[in-house]
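Numbers 1 to 86, taken from full-length UniProt numbering, label the letters of the sequence shown in order.
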Amino acid sequence: MIESEGITENVESWRTDVVSRIMKELPPERVMFEAADPKVFNWYIREFGIDVNLFVDHSQIVQLTCLRSGIWGTADTWGKIASFRP
């Protein structure tokens, strides 16, 4: 699991370069990112898709699940997330 501290938490700007490098170097199914804020998990889903492994607080599970399902979102994701699986 990759801590959000220093990447998306307590920084002036998010270190998206670090996240992108990790995702390029490791298989996505072997990586889990901490996403402590809805803005953060919204970004992860927008950038890496609905199957990105995220560690969220238990109080945010419904919001994350709805975002992944496409039934909840912000202006940058609403209507743009497809979750069809064969």
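Cβ atoms here follow ideal geometry from the backbone N, Cα and C, with glycine treated the same way.
Predicted model, so just to flag it, every value in this text is computed and none were measured.
query: For proline 38, collect the residues of the same chain with a Cβ closer than 7 Å to its Cβ; drop the 5 residues on either side in sequence, then sort them by chain order.; result: Gln60 and Gln63
query: What ranges does the alpha helix (DSSP H) occupy inside the region 25 to 62, keeping only unbroken runs of at least 4 residues that lie completely in it?; result: 38 to 48
query: Does serine 69 pass the burial test, meaning 16 or more other C-beta atoms within 10 Å, or should it be called exposed?; result: exposed
query: Is there contact here, the region 52 to 59 with the region 18 to 33, by at least three beta-carbon pairs under 8 Å?; result: yes
query: Excluding five sequence neighbours on each side, which residues of the same chain lie with their C-beta closer than 7 Å to the C-beta of glutamate 9?; result: Ala36
query: Anyone know if the C-beta pair for phenylalanine 41 and methionine 23 falls short of 8 Å?; result: no
query: Can you tell me the Cα-Cα spacing of serine 20 and threonine 65, whole angstroms?; result: 23 Å
query: How long is the line joining the alpha carbons of glutamate 12 and valine 18, rounded to whole angstroms?; result: 15 Å
query: Would you list the one or two residues that DSSP bridges to glutamate 12?; result: Paired residue(s): none; glutamate 12 is not in a bridge.
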